[in-house]
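**Q**
There are 2 protein chains.
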Amino acid sequence: MTELTKIDEYLNTHLDESIAELSRLCAQPSIAAQNLGLKECANLVSEMLTSRGFEVQVMDTNGAPVVYAERKGISTKTLLFYNHYDVQPPEPLELWESPPFEPTLRDGKLYARGVSDDKGHITSRLFAIDALLEVFGDLPCNVKFIIEGEEETSSIHLHDFIKENRKLLAADACIWEFGGVDHRDIPIQYLGMRGICYVELSVTTAEIDVHSGLGGSIFPNAAWRLVWALNTIKGPNERISIPGHYDTVIAPSKRDRQLMEAMPEVSDEYKSRYGIDSFLKGLTGGVELRLAEVFEPTCTICGLTSGYQGEGSKTVLPARASAKLDFRLVPNQTPELVLAGLRKHLDNEGFQDIEIKYLGGEPAARTDPDDPFVDLVVSTAEPVYGQPMQKIPMTGGSGPNHVFIHTLNLPVATAGVSYPGTQGHAPNENLRLDLYLKGARHIARILWAYGNQD
Amino acid sequence: MTELTKIDEYLNTHLDESIAELSRLCAQPSIAAQNLGLKECANLVSEMLTSRGFEVQVMDTNGAPVVYAERKGISTKTLLFYNHYDVQPPEPLELWESPPFEPTLRDGKLYARGVSDDKGHITSRLFAIDALLEVFGDLPCNVKFIIEGEEETSSIHLHDFIKENRKLLAADACIWEFGGVDHRDIPIQYLGMRGICYVELSVTTAEIDVHSGLGGSIFPNAAWRLVWALNTIKGPNERISIPGHYDTVIAPSKRDRQLMEAMPEVSDEYKSRYGIDSFLKGLTGGVELRLAEVFEPTCTICGLTSGYQGEGSKTVLPARASAKLDFRLVPNQTPELVLAGLRKHLDNEGFQDIEIKYLGGEPAARTDPDDPFVDLVVSTAEPVYGQPMQKIPMTGGSGPNHVFIHTLNLPVATAGVSYPGTQGHAPNENLRLDLYLKGARHIARILWAYGNQD
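The listed protein sequences correspond, in order, to chains A and B.
For the first sequence, this note's numbering gives the first residue as 15, with consecutive numbering after it.
For the second sequence, this note's numbering gives the first residue as 15, with consecutive numbering after it.
1) In its own chain, which residues sit with a C-beta less than 6 Å from the C-beta of Thr-436 (chain B), not counting the 5 before and 5 after it?
2) Is it buried or exposed for Lys-268 (chain A), if we count other Cβ within 10 angstroms and need 16 for buried?
3) Does the segment 81 to 97 of chain B touch the segment 160 to 167 of chain B, meaning 3 or more C-beta pairs lie closer than 8 Å?
4) Check each candidate in A:Gly-317, A:Arg-446, A:Leu-331 and A:Arg-357 and name the one with the smallest Cα separation from Arg-256 (chain A).
5) Does Ala-220 (chain A) come within less than 8 Å of chain B when only Cβ atoms are used?
6) Between Glu-275 (chain B) and chain A, is there a C-beta pair that is closer than 8 Å?
7) Counting Cβ pairs closer than 8 Å, one from the segment 386 to 396 of chain B and one from the segment 283 to 299 of chain B, do we hit at least three?
8) Name the residues in the segment 220 to 248 of chain A whose C-beta lies less than 8 Å from a C-beta of chain B; which are they?
9) For Gly-206 (chain A), count the other beta carbons within 10 Å of its own beta carbon; 16 or more makes it buried, fewer makes it exposed. Which is it?
10) For the candidate residues A:His-456, A:Pro-425 and A:Lys-181, whose alpha-carbon lies nearest to that of Tyr-399 (chain A)?
11) Taking a cut of 7 Å between CB atoms, which residues from the segment 314 to 330 of chain B lie near chain A?
12) With C-beta atoms as the reference, is Thr-381 (chain B) less than 8 Å away from Arg-459 (chain B)?
13) In the DSSP assignment, the alpha helix (DSSP H) including Pro-349 (chain B) goes from what residue to what residue?
14) Which of helix, strand or coil does DSSP assign to His-135 (chain A)?
15) By how many angstroms is the C-alpha of Glu-283 (chain A) removed from the C-alpha of Met-277 (chain A)?
16) Mind checking Arg-120 (chain A): buried by the 16 CB within 10 Å criterion, or exposed?
17) Which of the three DSSP states, helix, strand or coil, is assigned to Tyr-24 (chain B)?
18) Applying the criterion that 16 or more other CB atoms from any shown protein chain within 10 Å of the CB defines a buried residue, is Gly-317 (chain B) buried or exposed?
19) Under a three-way DSSP split, which group does Met-207 (chain A) fall into?
20) Would you please verify whether the beta carbon of Pro-414 (chain B) is less than 8 Å from any beta carbon of chain A?
21) Would Ala-333 (chain B) and Ala-220 (chain B) qualify as a contact pair, given that the criterion is a beta-carbon distance under 8 Å?
22) Which of helix, strand or coil does DSSP assign to Ser-32 (chain B)?
23) At a Cβ threshold of 8 Å, is Tyr-212 (chain B) touching chain A?
24) Beta-carbon separation of Gly-122 (chain B) and Val-431 (chain B) under 8 Å?
25) Using a threshold of 8 Å, state whether the C-beta atoms of Thr-19 (chain A) and Tyr-204 (chain A) are closer than that.
26) Can you tell me the Cβ-Cβ gap for Phe-365 (chain A) and Phe-233 (chain B), rounded? I've got them flagged as a contact below 8 Å.
27) Just to check my reading of the structure: Glu-165 (chain B) and Glu-191 (chain B) have Cβ atoms closer than 8 Å, yes? What is that Cβ distance to the nearest angstrom?
28) Using 8 Å as the cut-off, can you tell me whether the segment 301 to 310 of chain A makes contact with the segment 224 to 244 of chain B, which would need three or more C-beta pairs spanning the two stretches below that distance?
29) Tell me the DSSP secondary structure of Phe-365 (chain A) in three-state form.
30) Give the DSSP-derived three-state secondary structure of Phe-175 (chain B) in the structure shown.
31) Sort out for me which residues DSSP pairs Thr-246 (chain B) with in a bridge.
32) For the alpha helix (DSSP H) holding Asp-340 (chain A), just list the boundary residues, first then last.
33) Could you give the DSSP three-state label for Asn-415 (chain A): helix, strand or coil?
34) From the beta carbon of Gly-411 (chain A), is the nearest beta carbon of chain B less than 8 Å away?
35) Residues of the segment 148 to 169 of chain B in Cβ contact with chain E at a cutoff of 8 Å, in chain order, please.
36) Ends of the alpha helix (DSSP H) at Gly-229 (chain B)?
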């Protein structure tokens with residue numbers, strides 16, 4: 015296939031230029047949580063797209079701007095890339111071996127904050143487009159980009175943006191912002207994400223903290239109220255006690271189980287990586303552990319705060335207590351259902367005093383594992399990676415895929431440049447150059463195959 | 015009674031000198047929690063006692079030194095004063111109207127950290143001794159002082175010190191470090207203190223925090239483990255569930271109830287001072303509220319700590335969680351009993367993973383409300399305060415009185431210079447000069463009456 019050989023040749027010989035462009039992008043801090051450098055970074059991304067002949071709009075939202083870009087191709091098909099230009103905060107700085115915003119090459123890897131999540135994904139896609147334009151003078155299909163600046167802060171304005179711009183964003187398929195290989199260097203296709211409903215529970219029992227010698231037997235204690243309320247939400251049997259919480263849950267299908275069975279064993283890796291002795295609910299490993307990991311709703315206490323937290327003892331009866339609670343949702347649970355159920359449950363259990371603050375969420379969403387677009391992405395990976403891409407029907411994490419799958423009605427597939435040592439949200443975030451090149455080769459093949467499908 | 019008139023005259027005319035001495039003492043910071051100025055303050059107290067003809071020893075402990083002093087008197091009876099020269103940290107500094115270690119007179123009050131707790135008590139006792147020495151040339155009875163430097167950090171070395179120095183500290187009665195009037199300016203006699211057992215519960219379920227999208231359904235969560243363990247210790251019925259916890263509890267006697275009935279109503283004051291709506295266990299006020307406040311064992315969560323505590327959401331599954339727990343004890347509960355019961359209970363409930371760290375404690379202790387020494391202290395108060403002193407059989411707070419009552423075998427009574435607005439552990443700690451003078455007059459009368467009792 016001579017065209018693909020030419021594309022690979024272009025990519026092999028222009029890698030340094032693309033890494034230089036990625037380095038420029040990483041040198042621009044763009045920290046959503048700190049509202050730092052977002053407009054500057056959006057403009058930089060905009061310039062990069064404009065220079066490839068894209069029509070670009072930097073569009074205002076109530077938060078960071080969204081970069082939208084489109085360029086016509088030969089076929090009538092349209093592929094939408096979803097990416098983000100914002101990054102996680104770099105702290106703790108002292109753990110970085112080179113400064114987070116001074117991209118540095120070491121041992122075949124480029125180190126920088128955002129180099130993998132998600133700037134390397136942006137430039138590897140531009141790199142593939144460069145190769146296609148060089149070899150064919152045109153794109154095989156229409157290409158659109160939506161590159162947001164708030165992914166690391168829960169994409170809070172993306173849903174409205176997409177709902178308001180359905181026509182602009184109309185496409186036939188979507189490539190997600192991330193993708194890559196597993197610890198065996200086998201390419202992975204993630205086909206769904208759990209939803210999430212994140213809340214803060216809080217209770218106030220007095221105007222000020224009280225000396226515990228005074229009030230212990232007669233005053234209400236916010237910390238105890240919180241503990242008792244939480245205990246009614248989930249007990250040691252790990253079953254969420256909110257009535258109706260499991261009513262809309264769809265069990266994994268035979269096909270899901272089949273795909274999960276094909277995945278490698280993870281129990282020993284988890285135990286050694288996280289230092290845990292055993293799994294919940296008597297799970298020991300195998301497909302049952304992998305199914306439980308992603309196909310079961312969860313309720314995780316992410317944080318507890320009340321009263322005195324320093325060294326030693328302080329005899330105080332806390333007036334206020336709060337907990338951060340993260341419900342992971344499976345199809346067809348929704349955040350609205352969880353919120354309503356939680357409020358009713360707490361009221362019924364006598365905890366009208368517990369306030370619920372909704373901190374964000376979205377429903378779970380999945381693409382059919384046997385969707386033709388998914389199969390196109392999977393089949394184009396094998397010649398690049400030398401191994402078949404493995405389909406994973408759902409991951410435990412969450413992201414704004416629901417609005418792409420159910421509002422824009424797109425099949426969503428993943429293809430990217432990450433690997434398990436990429437340190438996405440941690441110090442020394444890095445990108446393997448060999449996987450960067452493979453990622454660009456894969457993206458070029460996807461565009462090529464998609465345009466030549468008709 | 016011409017001698018007491020002379021004593022009062024001396025005190026009336028030398029008040030300024032005593033306040034000057036108190037100001038010198040308060041100008042010397044002596045913060046036990048920060049190990050700041052303790053030796054300097056011990057030496058200053060030592061000089062003050064030496065100048066009154068006391069034999070003084072500044073005695074080493076494993077912590078701050080103890081100042082011990084004695085001076086013979088006319089009778090064979092020995093009165094022991096327990097005081098402390100350490101103070102609470104002054105923070106938050108911005109809330110002080112004058113600097114905490116620059117004693118300042120305003121509106122008949124002296125403001126400084128420690129001016130009431132407990133330096134004003136020390137110098138008011140020296141002031142009474144000055145008057146007695148001036149009028150009689152001698153003390154009416156033997157007087158001993160034990161002035162420690164770690165009261166604000168739970169007197170952790172005092173028990174051993176007292177057990178090792180029983181002979182040195184031998185006495186016939188003890189005046190406690192605090193005392194004073196209530197919100198009606200009626201003098202109060204506190205006759206007992208609850209004990210305490212302060213522990214930190216903690217649990218570690220993994221070596222590092224895990225992303226909640228990964229582990230929520232399959233990894234143990236330290237925060238949930240802690241919540242469930244706490245829930246087995248006390249439920250919403252406010253009854254402590256540790257088997258045997260109430261076995262050694264002695265119910266208040268008829269006499270206790272009689273004394274509690276004589277006390278003023280507190281419910282409205284509590285509600286407005288602390289901003290609470292209602293009391294626990296259906297209590298609304300009256301003697302039942304006052305009895306519950308001090309005669310019931312408590313288990314107070316003083317603090318909860320786990321995972322993410324900042325603004326907004328972070329999707330983390332915490333590897334570690336901890337709680338500070340304060341058990342208040344009534345006669346004859348002991349910290350040892352509580353610790354053993356708690357460990358056994360957690361084990362039986364399946365929480366072998368919860369660690370218990372003992373942060374200090376002591377049993378409850380009470381002096382017989384009708385002890386002759388108590389009656390002497392009470393009867394000598396009335397001519398000073400113009401109203402009968404009110405006996406309170408027990409307070410809700412805790413202190414190291416057990417070792418004085420049960421190791422040194424002393425009746426312990428209170429007499430002092432505090433009032434409800436004294437702001438003991440808060441900014442703008444202050445001392446009313448009128449009550450300082452009354453406190454010294456009362457102490458002089460106690461010593462005088464005690465020496466002339468035989």
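Don't be surprised by glycine CBs; every beta carbon is placed ideally from N, CA and C.
Computed from a prediction, not measured in an experiment: that's the story for all the values here.
**A** Judging by the given coordinates:
1) Ser-130
2) exposed
3) yes
4) The residue asked about is misnamed: residue 256 (chain A) is Ile in this sequence, not Arg. When each option's Cα is compared against that of Ile-256 (chain A), the closest is A:Arg-357.
5) yes
6) no
7) Cβ pair count under 8 Å is below three, so no.
8) Taking a C-beta cut-off of 8 Å against chain B, the contacting residues of the segment 220 to 248 of chain A are Ala-220, Glu-221, Ile-222, Val-224, His-225, Ser-226, Gly-227, Leu-228, Gly-229, Gly-230, Ser-231, Ile-232, Phe-233, Pro-234, Asn-235, Ala-237, Trp-238, Leu-240, Val-241, Trp-242, Leu-244, Asn-245 and Lys-248, listed in chain order.
9) buried
10) Comparing Cα positions, the closest option is A:His-456.
11) Thr-314, Ile-315, Cys-316, Gly-317, Leu-318, Thr-319, Ser-320, Gly-321, Tyr-322, Gln-323, Gly-326, Ser-327, Lys-328, Thr-329 and Val-330
12) no
13) 349 to 362
14) In this structure, His-135 (chain A) counts as helix in the three-state DSSP scheme.
15) 13 Å
16) Result: exposed.
17) helix
18) buried
19) strand
20) No, because no Cβ of chain A sits closer than 8 Å to the Cβ of Pro-414 (chain B).
21) yes
22) helix
23) yes
24) Between Gly-122 (chain B) and Val-431 (chain B), the CB-CB gap reaches or exceeds 8 Å.
25) no
26) Not quite, the Cβ-Cβ distance comes to about 27 Å (not below 8 Å), so this is no contact.
27) 7 Å
28) yes
29) coil
30) helix
31) Bridge partners of Thr-246 (chain B): none, in fact.
32) Unbroken run through Asp-340 (chain A) is the beta strand (DSSP E), 334 to 343; no alpha helix (DSSP H).
33) helix
34) At a cut-off of 8 Å between C-beta atoms, Gly-411 (chain A) counts as an interface residue with respect to chain B.
35) Of the chains in the structure shown, none is chain E; the protein chains are A and B.
36) 226 to 229
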